[in-house]
Amino acid sequence: GENVEQHPSTLSVQEGDSAVIKCTYSDSASNYFPWYKQELGKRPQLIIDIRSNVGEKKDQRIAVTLNKTAKHFSLHITETQPEDSAVYFCAAPPIFEYSSASKIIFGSGTRLSIRP
Amino acid sequence: GAVVSQHPSWVICKSGTSVKIECRSLDFQATTMFWYRQFPKQSLMLMATSNEGSKATYEQGVEKDKFLINHASLTLSTLTVTSAHPEDSSFYICSASPGTADQPQHFGDGTRLSIL
Numbered sequence: 001g002e003n004v005e006q007h008p009s010t011l012s013v014q015e016g017d018s019a020v021i022k023c024t025y026s027d028s029a030s031n032y033f034p035w036y037k038q039e040l041g042k043r044p045q046l047i048i049d050i051r052s053n054v055g056e057k058k059d060q061r062i063a064v065t066l067n068k069t070a071k072h073f074s075l076h077i078t079e080t081q082p083e084d085s086a087v088y089f090c091a092a093p094p095i096f097e098y099s100s101a102s103k104i105i106f107g108s109g110t111r112l113s114i115r116p
Numbered sequence: 117g118a119v120v121s122q123h124p125s126w127v128i129c130k131s132g133t134s135v136k137i138e139c140r141s142l143d144f145q146a147t148t149m150f151w152y153r154q155f156p157k158q159s160l161m162l163m164a165t166s167n168e169g170s171k172a173t174y175e176q177g178v179e180k181d182k183f184l185i186n187h188a189s190l191t192l193s194t195l196t197v198t199s200a201h202p203e204d205s206s207f208y209i210c211s212a213s214p215g216t217a218d219q220p221q222h223f224g225d226g227t228r229l230s231i232l
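Protein chains in written order, with this note's numbering: chain A, 1 to 116; chain B, 117 to 232.
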């Protein structure tokens, strides 16, 4: 089955600096890679996603890059702000199709802290 | 947008009690729902896939007799933690997919279960 590894487990950056979180996956058939942000005691919130036919996607201060050959994908947050402090999870469904529900395997999570 | 409602949001009960958690898709039908468990400072671990009208599919290591799942309609799945013990204390989250192109799953708000 799919195995998703995420690094680092904790990350502290100065406000305004960039943060990078990396994940690797094992199933070469995986075709969709979402990133979730979870605040304490709340549901995971999808912040950005990328499909396997795209190498990079950007949404304001957040970007995701995908290297299918190496089977890894990364989350980049630029100009970090205090409200970016949270736990971030990468994820990979084994096979994702919009027409059917696919289970999601989450990475172990990265606790991001933004220092003022 | 697609909304998933989960109740109750928190439960405190005595050891040996059975606890039922409900997950409802409010504005879409979901033939498949998912149940996750999250221990403090850990990732979301998929427990089982709930299939409408048929038996749930449990992940390895999850006791099906301990965690009973019923998906009697296209909008409701329930998770019953039978004879709960302190080690079952956790954050339980459900999710459902509307089968549309926006995102793979929509999460409920979660249920914090505390067994005394």
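C-beta atoms are modelled at their ideal positions from N, C-alpha and C, and glycine is treated no differently.
With 8 Å set as the bound, which would you pick, yes or no: does the beta-carbon of residue 44 of chain A sit closer than that to a beta-carbon of chain B? One-based indexing of the first sequence puts residue 44 of chain A at position 44. Yes, residue 44 of chain A counts as interfacial toward chain B.
Secondary structure at residue 34 of chain A, three-state DSSP: helix, strand or coil? The count along the first sequence starts at 1 and reaches residue 34 of chain A at position 34. In the structure shown, residue 34 of chain A sits in a strand (DSSP, three-state: E or B).
Tell whether a beta-carbon distance below 8 Å holds between residue 91 of chain B and residue 120 of chain B. Nothing can be reported for residue 91 of chain B: it is not among the residues displayed for chain B, which extend from 117 to 232.
Hey, out of A:104, A:65, A:89 and A:63, whose CA is closest to residue 8 of chain A's CA? The residue you call residue 8 of chain A lines up with position 8 of the first sequence. Here the closest residue by C-alpha is A:89.
Can you find the residues in the same chain that come closer than 7 Å, C-beta to C-beta, to residue 143 of chain B, ignoring five residues on each side of it along the sequence? As a working mapping, residue 143 of chain B is identified with position 27 in the second sequence. Cβ neighbours of residue 143 of chain B within its own chain (closer than 7 Å, five residues either side excluded): 118 and 119.
Who are the neighbours of residue 225 of chain B on chain A, taking C-beta pairs under 8 Å? Taking the second sequence and counting its residues from 1, one reaches residue 225 of chain B at position 109. Ordered by position in chain A, the residues that pass the 8 Å Cβ test against residue 225 of chain B are 42 and 43.
According to DSSP, which residues form a beta bridge with residue 65 of chain A? Position 65 of the first sequence, counted from the start, is the residue given in the question as residue 65 of chain A. BP columns for residue 65 of chain A point to A:56 and A:74.
Whole angstroms is fine: what's the gap from residue 53 of chain A's alpha carbon to residue 221 of chain B's? Taking the first sequence and counting its residues from 1, one reaches residue 53 of chain A at position 53. Taking the second sequence and counting its residues from 1, one reaches residue 221 of chain B at position 105. The straight-line gap from Cα to Cα measures roughly 20 Å.
Assigned exposure category for residue 232 of chain B - 16 Cβ within 10 Å defines buried: Along the second sequence, read from residue 1 onward, the residue named residue 232 of chain B stands at position 116. Within a 10 Å sphere around the beta-carbon of residue 232 of chain B sit fewer than 16 other beta-carbons, which makes this residue exposed.
Express the C-alpha separation of residue 167 of chain B and residue 127 of chain B in angstroms, rounding to a whole number. Taking the second sequence and counting its residues from 1, the one referred to as residue 127 of chain B is at position 11. Taking the second sequence and counting its residues from 1, the one referred to as residue 167 of chain B is at position 51. Taking the straight line from one Cα to the other gives about 25 Å.
Proximity test, Cβ basis, 8 Å: residue 25 of chain A and chain B: Numbered from its first residue, the first sequence carries residue 25 of chain A at position 25. No Cβ of chain B is located within less than 8 Å of the beta carbon of residue 25 of chain A.
Looking at residue 103 of chain A and residue 150 of chain B, is the spacing between their C-beta atoms short of 8 Å? Position 34 of the second sequence, counted from the first residue, corresponds to residue 150 of chain B. Position 103 of the first sequence, counted from the first residue, corresponds to residue 103 of chain A. Result yes, Cβ atoms of residue 150 of chain B and residue 103 of chain A sit closer than 8 Å.
Output, in chain order, the set of chain A residues within a Cβ distance shorter than 7 Å of residue 150 of chain B. Sequence index remark: in the second sequence, residue 150 of chain B carries index 34 (1-based). What residue 150 of chain B touches in chain A: 103.
Can the beta-carbon of residue 38 of chain A be found less than 8 Å from the beta-carbon of residue 86 of chain A? Taking the first sequence and counting its residues from 1, one reaches residue 38 of chain A at position 38. Taking the first sequence and counting its residues from 1, one reaches residue 86 of chain A at position 86. Taking 8 Å as the Cβ cut-off, residue 38 of chain A and residue 86 of chain A qualify as a contacting pair.
Taking the beta strand (DSSP E) that residue 13 of chain A falls in, what are its first and last residues? The sequence position of residue 13 of chain A within the first sequence is 13, counting from 1. For residue 13 of chain A, the uninterrupted beta strand (DSSP E) segment begins and ends at 10–14.
Using the rule of at least 16 other Cβ atoms within 10 Å of the residue's Cβ for burial, across every protein chain shown, is residue 155 of chain B buried or exposed? Residue 155 of chain B sits at position 39 when you count from the first residue of the second sequence. By the 10 Å Cβ count, residue 155 of chain B comes out exposed.
So, residue 184 of chain B versus residue 198 of chain B, is the Cβ gap smaller than 8 Å? Along the second sequence, one-based indexing puts residue 184 of chain B at 68. Along the second sequence, one-based indexing puts residue 198 of chain B at 82. Against a cut-off of 8 Å, the Cβ pair of residue 198 of chain B and residue 184 of chain B comes out as a contact.
Contact list for residue 109 of chain A against chain B, beta-carbon separation under 9 Å: As a first step, residue 109 of chain A is located in the first sequence; it is residue number 109 there, counting from the start. Under the 9 Å cutoff, chain B gives 157, 158, 159 and 160.
Straight-line gap, residue 3 of chain A to residue 25 of chain A (C-alpha atoms, nearest Å): Taking the first sequence and counting its residues from 1, the one referred to as residue 3 of chain A is at position 3. Taking the first sequence and counting its residues from 1, the one referred to as residue 25 of chain A is at position 25. Each residue's Cα considered, the two are about 6 Å apart.
Does residue 137 of chain B have its Cβ less than 8 Å from a Cβ in chain A? Within the second sequence, residue 137 of chain B is the residue found at index 21, counting from 1. With 8 Å as the cut-off, residue 137 of chain B does not count as an interface residue toward chain A.
Buried or exposed, going by whether 16 or more other CB atoms sit within 10 Å of the CB of residue 116 of chain A? Counting from one through the first sequence, the residue named residue 116 of chain A turns up at place 116. Residue 116 of chain A comes out exposed.
C-alpha distance - residue 81 of chain A paired with residue 112 of chain A, whole-angstrom precision: As a position in the first sequence, residue 81 of chain A is number 81, starting the count at 1. As a position in the first sequence, residue 112 of chain A is number 112, starting the count at 1. CA-to-CA, the gap between residue 81 of chain A and residue 112 of chain A works out to about 11 Å.
Straight-line Cα distance separating residue 83 of chain A from residue 16 of chain A: Sequence index remark: in the first sequence, residue 16 of chain A carries index 16 (1-based). Sequence index remark: in the first sequence, residue 83 of chain A carries index 83 (1-based). Between residue 16 of chain A and residue 83 of chain A, the alpha-carbon positions lie close to 12 Å from each other.
Local conformation of residue 228 of chain B per DSSP, three classes: As a position in the second sequence, residue 228 of chain B is number 112, starting the count at 1. For residue 228 of chain B, the secondary structure class from DSSP, reduced to helix, strand or coil, is strand.
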